[in-house]
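Here's the structure, in structure tokens; my notes come after.
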Amino acid sequence: MEMESPLMVVAIDFGTTFSSWACSLRHEYEENPTKVHVRQWVGGDHISAKAPTTVLIRPDGKTLEAFGYEAEDRYADLVEKGGHKLWYYFRRFKMKIYNDDSLSRTTVIKDATGKPLPAMMVFSRTIQFMKDDFLKQFQRTMEGHVQDRDIRWVLTVPAIWNERAKQFMRQAAVTAGIRDEYLKLALEPEAASLLCNHLPMKKFVANGSETASISTFEKGSKYLILDAGGGTVDITIHEVITSGKIKELHKASGGPWGGTKVDEAFQQFIMKLVGSPVFSKFSNETFEDLQEMFRSFEVKKRDIYSDKNCQVILRVPISLIQLFERETGNTLEESVKKYCPTGKMKLVNDKLKVESSVMKEFYTDTINYITSHVISIFEDKHFADVKSIIMVGGFSECSLLQQAIQDCIPHKNVIIAMEPGLAVLKGAVIFGHNPEAVLERICRYTYGVAGSKPFVDGHHRKTFKKSYGAGELCNNVFVKIVECGQKIKLNERQPEQILKMAQDRTEQVFSIYVSDKPSPMYITDEGCSLIGTLTISGLDTSVALSHRKIALTLMVGGTEMEVEAREVHTGNTSKTVMDFLG
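Each residue of the sequence shown is one higher than the one before, counting from 1 in my numbering.
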């Protein structure tokens, strides 16, 4: 039984590059929804509200040894001592399940050195660490104990993920020890939007007028929310209905255009400078230096400004410089000159001095993807009255991205939330206290089940015709339950679809399909794909098969799909299980 009003909400923001948890008590939420306690992590000589999404698993392939900064440091020590080969090291692994059509409970992912482990185990161990870490911190700081029934857990997922990936994350959380009925999935841009609706305007930075930004969250106002994280960019449009309540006007869309694309471009740049063999050897032999180089770049990449042509200094590990000279017989300084003969880049000792115009090239592709998508959304005249763009997510801290968004849609007011990297995490806590804050959503796909209909000559495909005792039926029909682009209110029940029973059993299995087209005729049509199965059990077999029918009702107005099945001849509601993981 799902809890109604939890004593506490704990949100876990499982990010591609960084993760963390945050919480608030019910009385704190009622006094001030934005009063959220965020975990602080220690990494080297600094403290941050998020830790790298990195895990170190022991050679047994089951026990999580360390998470975050500690995992990075422990693994670096193992590499230095040559004892790392049997350990499992996973970094930035969340995107491994993005758009994986074969994702299942048995999917395997590979660690940094190519060793495989079940993805479910890696994800569930990570969530379990976050859960246990919260409980440990809570008991230490609050000097008390909390019961399972007192906590609603919230796990963040990108809005552009399909039902298969969402169910995978839910299953991972349940495997981690979080009870299914105490868990909610929060769509990342929605969570950030809810936080923004509660923040005072001094918590925003706007490049438009003060008046424009103040009116952004008034009743009836509309805004595009751009959630640029490490792995994905989620974009949608919301309208403020009442204080703290919103509805979706444009279905969530986006792609894998997050900040990690900049990191990948930087890595390719280094590989071109030193060559793949040298870089591979450097990665394997001096992992700590590799790690430090990327940590340094993570800081530097936020200091690139669109209106400044300054010099950026990147520190190159001495170990890499020496390795390059040993392996090639040349100096790295000479390689830099060959790579960039224009003088926009030069190596002085261990300092690589790069003009910002060169650094900006690392951002070009991913920013172009984002701006092109934003432009395409605003080409729809239905959104002409959307005045503002709100930027959240860690990548939204990037000045280049901010300016690119302003330049591509110059007549819109671009607003950046303070601490944009924490907007999803804090907003997920707010969502946990009020999961009915999003009153209406736009369906991203057309959903249906594989069914049969009486065969109509000249209308149905003859190859799908099959004779039954009661006559001729057309198989492989896409029985539509809800259509892409359809507006669906929270907890709204879709009209029942009547399906004929194909087998005389107490259990019936239907195949669930999705399509990016509004009205597919057959499950074999272009754009249709099988995403899961619906199992209905406890059916009555006392009447003839020809008289047995199932009425299906789909509910897709929440963050996850729900279904209800009713036997037409008995009126009984049957137990249903949807499985998207095979």
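For glycine and all other residues, C-beta sits at the position ideal for the given N, C-alpha and C.
Source: prediction; values computed, not measured.
Task: Buried versus exposed call for residue 520 [16 or more other C-beta atoms within 10 Å across all chains shown] - done: As a working note, residue 520 is residue 520 in the sequence shown. Buried.
- [ ] Find out if the Cβ-Cβ distance for the pair residue 172, residue 124 is shorter than 8 Å.
- [x] Numbered from 1 along the sequence shown, position 172 holds the residue referred to as residue 172. Numbered from 1 along the sequence shown, position 124 holds the residue referred to as residue 124. Yes. Within cutoff.
Open item on the list: For residue 162, which residues in the same chain have their Cβ closer than 7 Å to its Cβ, ignoring the five residues on either side in sequence?
Closed with: Here residue 162 corresponds to residue number 162 of the sequence shown, with the count starting at 1. In the same chain as residue 162, and ignoring 5 residues on each side of it, the C-beta atoms closer than 7 Å to its own belong to 531, in chain order.
- [ ] Would you mind reading off the limits of the beta strand (DSSP E) that contains residue 413?
- [x] On the sequence shown, position 413 is the one that residue 413 refers to. Start and end: 413-417.
- [ ] Hey, could you find the ends of the alpha helix (DSSP H) residue 497 is sitting in?
- [x] Residue 497 sits at position 497 when you count from the first residue of the sequence shown. Where residue 497 is concerned, there is no enclosing alpha helix (DSSP H), although the beta strand (DSSP E) it sits in stretches over 497-500.
Open item on the list: Please report the distance separating the alpha-carbon of residue 383 from that of residue 410.
Closed with: Here residue 383 corresponds to residue number 383 of the sequence shown, with the count starting at 1. Here residue 410 corresponds to residue number 410 of the sequence shown, with the count starting at 1. Their backbone Cα atoms lie some 15 Å apart in a straight line.
TODO: For residue 406, name the three-state secondary structure that DSSP assigns.
DONE: Working through the sequence shown from its first residue, we reach residue 406 at position 406. If DSSP states are grouped into helix, strand and coil, residue 406 belongs with the helices.
Open item on the list: Please classify residue 489 as buried or exposed, where buried requires at least 16 other C-beta atoms within 10 Å of its C-beta.
Closed with: Start at 1 with the first residue of the sequence shown, and residue 489 comes out as number 489. Exposed, because fewer than 16 other Cβ atoms sit within 10 Å of the Cβ of residue 489.
- [ ] Between the Cα of residue 302 and those of 362, 84 and 243, spot the shortest distance and give me the residue it belongs to.
- [x] As a position in the sequence shown, residue 302 is number 302, starting the count at 1. Answer by Cα proximity: 362.
Open item on the list: Buried or exposed for residue 413, going by 16 or more other Cβ atoms inside 10 Å?
Closed with: Residue numbering aside, residue 413 sits at position 413 when the sequence shown is read from its first letter. Of the other Cβ atoms in all chains shown, 16 or more fall within 10 Å of the Cβ of residue 413; this residue is therefore buried.
Task: Of the residues 536, 458, 69 and 156, the one placed nearest residue 295, counting alpha carbons only - done: The count along the sequence shown starts at 1 and reaches residue 295 at position 295. Taking only the C-alpha atoms, the option nearest residue 295 is 69.
Task: C-alpha gap between residue 11 and residue 194, whole angstroms - done: One-based indexing of the sequence shown puts residue 11 at position 11. One-based indexing of the sequence shown puts residue 194 at position 194. The straight-line gap from Cα to Cα measures roughly 14 Å.
Open item on the list: So, for residue 30: in the same chain, excluding its five sequence neighbours on each side, which residues have a beta-carbon less than 7 Å away from its beta-carbon?
Closed with: Taking the sequence shown and counting its residues from 1, the one referred to as residue 30 is at position 30. Hits under 7 Å: none found.
Task: Within 8 Å, strictly: CB atoms of residue 254 and residue 240 - done: Counted from its first residue, the sequence shown places residue 254 at position 254. Counted from its first residue, the sequence shown places residue 240 at position 240. No, they are not a contact pair.
Task: Presumed contact (8 Å Cβ cut-off) between residue 231 and residue 16, rounded CB distance - done: Taking the first residue of the sequence shown as 1, we reach residue 231 at position 231. Taking the first residue of the sequence shown as 1, we reach residue 16 at position 16. Confirmed, Cβ separation roughly 3 Å.
- [ ] May I have the straight-line CA-CA distance separating residue 105 from residue 364, to the nearest angstrom?
- [x] The residue you call residue 105 lines up with position 105 of the sequence shown. The residue you call residue 364 lines up with position 364 of the sequence shown. Approximately 37 Å, taken between the alpha carbons.
Open item on the list: If I measure Cβ to Cβ from residue 404 and keep anything under 6 Å in the same chain, skipping five residues before and after, which residues do I get?
Closed with: For the purposes of this step, residue 404 is identified with residue 404 of the sequence shown, where counting begins at 1. Excluding sequence neighbours, residue 404 sits near 367 and 371.
Open item on the list: Taking the straight line between their C-alpha atoms, what separation do you get for residue 374 and residue 402?
Closed with: Within the sequence shown, numbered from 1, the residue matching residue 374 stands at position 374. Within the sequence shown, numbered from 1, the residue matching residue 402 stands at position 402. Their Cα atoms are separated by approximately 13 Å.
Open item on the list: Would you say the beta carbon of residue 24 is closer than 7 Å to some non-hydrogen atom of the ligand HEM?
Closed with: Questions concerning the ligand HEM fall outside what the structure shown contains, since it holds no ligand whatsoever.
TODO: Pull up the distance between the alpha-carbon of residue 555 and that of residue 408, whole angstroms please.
DONE: Residue 555 sits at position 555 when you count from the first residue of the sequence shown. Residue 408 sits at position 408 when you count from the first residue of the sequence shown. Each residue's alpha carbon lies about 37 Å from the other.
Task: Nearest candidate by alpha-carbon position, reference residue 390, set 226, 151 and 55 - done: Residue 390 sits at position 390 when you count from the first residue of the sequence shown. Ranking 226, 151 and 55 by Cα distance to residue 390 puts 226 first.
Open item on the list: Please return the same chain residues whose Cβ sits closer than 7 Å to the Cβ of residue 200, not counting the five positions on each side in sequence.
Closed with: The count along the sequence shown starts at 1 and reaches residue 200 at position 200. The answer is none, since no qualifying residue turns up.
- [ ] Could you give the DSSP three-state label for residue 127: helix, strand or coil?
- [x] Position 127 of the sequence shown, counted from the first residue, corresponds to residue 127. In the structure shown, residue 127 falls within a helical segment according to DSSP collapsed to helix, strand and coil.
Open item on the list: Helix, strand or coil for residue 56? Go by DSSP, reduced to three states.
Closed with: Along the sequence shown, one-based indexing puts residue 56 at 56. In the displayed model, residue 56 falls within a strand according to three-state DSSP.
Open item on the list: Can you give me the C-alpha to C-alpha distance between residue 212 and residue 39, rounded to a whole angstrom?
Closed with: Along the sequence shown, one-based indexing puts residue 212 at 212. Along the sequence shown, one-based indexing puts residue 39 at 39. Confidence is the limiting factor: at residue 212 the pLDDT is only 46, short of 50, which leaves the residue's position unreliable, though a coordinate-based value still follows. Answer to the nearest angstrom: the Cα atoms are 34 Å apart.
Open item on the list: My output table needs one value for residue 373: the three-state DSSP class, helix, strand or coil.
Closed with: Counting from one through the sequence shown, the residue named residue 373 turns up at place 373. Note: residue 373 maps to helix in three-state DSSP.
Task: Secondary structure, beta strand (DSSP E): runs of 3+ residues fully inside the region 118-180 - done: 151-157
Open item on the list: Using the Cβ count rule (16 or more neighbours within 10 Å means buried), how would you classify residue 131?
Closed with: Residue 131 sits at position 131 when you count from the first residue of the sequence shown. So residue 131 counts as buried.
Open item on the list: At the level of alpha carbons, what is the spacing between residue 208 and residue 198?
Closed with: On the sequence shown, position 208 is the one that residue 208 refers to. On the sequence shown, position 198 is the one that residue 198 refers to. Low per-residue confidence applies at residue 208: pLDDT is 47, beneath 50, and the placement is therefore not dependable, though the value from the model is reported in the following sentence. When rounded, the distance between both Cα atoms is 20 Å.
Open item on the list: To the nearest angstrom, how far is the alpha carbon of residue 445 from that of residue 51?
Closed with: For the purposes of this step, residue 445 is identified with residue 445 of the sequence shown, where counting begins at 1. For the purposes of this step, residue 51 is identified with residue 51 of the sequence shown, where counting begins at 1. Spanning the alpha carbons of residue 445 and residue 51 requires a straight line of approximately 34 Å.
Open item on the list: For a quick check, are the C-beta atoms of residue 266 and residue 323 less than 8 Å apart?
Closed with: Translated into positions along the sequence shown, residue 266 becomes position 266. Translated into positions along the sequence shown, residue 323 becomes position 323. Cβ atoms of residue 266 and residue 323: not closer than 8 Å.
Task: For residue 485, the nearest candidate out of 462, 479 and 518 (CA to CA) - done: For the purposes of this step, residue 485 is taken as residue 485 along the sequence shown, with counting starting at 1. Of 462, 479 and 518, the residue nearest in Cα terms is 518.
Task: Helix, strand or coil at residue 95 [DSSP, three-state] - done: Counting from one through the sequence shown, the residue named residue 95 turns up at place 95. Helix.
- [ ] Verify whether the separation of the beta carbon atoms of residue 229 and residue 188 is less than 8 Å.
- [x] Against the sequence shown, residue 229 aligns to sequence position 229. Against the sequence shown, residue 188 aligns to sequence position 188. In contact: residue 229 and residue 188 (Cβ atoms closer than 8 Å).
TODO: Within its chain, find whatever has a CB closer than 7 Å to the CB of residue 59; leave out the 5 residues flanking it on each side and keep chain order.
DONE: Locating residue 59 in the sequence shown gives position 59, counting from the first residue. Answer for residue 59: 86 and 87, listed in chain order.
Task: Backbone CA spacing between residue 535 and residue 552 [nearest angstrom] - done: Here residue 535 is taken as the residue at index 535 of the sequence shown, counted from 1. Here residue 552 is taken as the residue at index 552 of the sequence shown, counted from 1. Looking at the two C-alpha atoms, the distance is approximately 12 Å.
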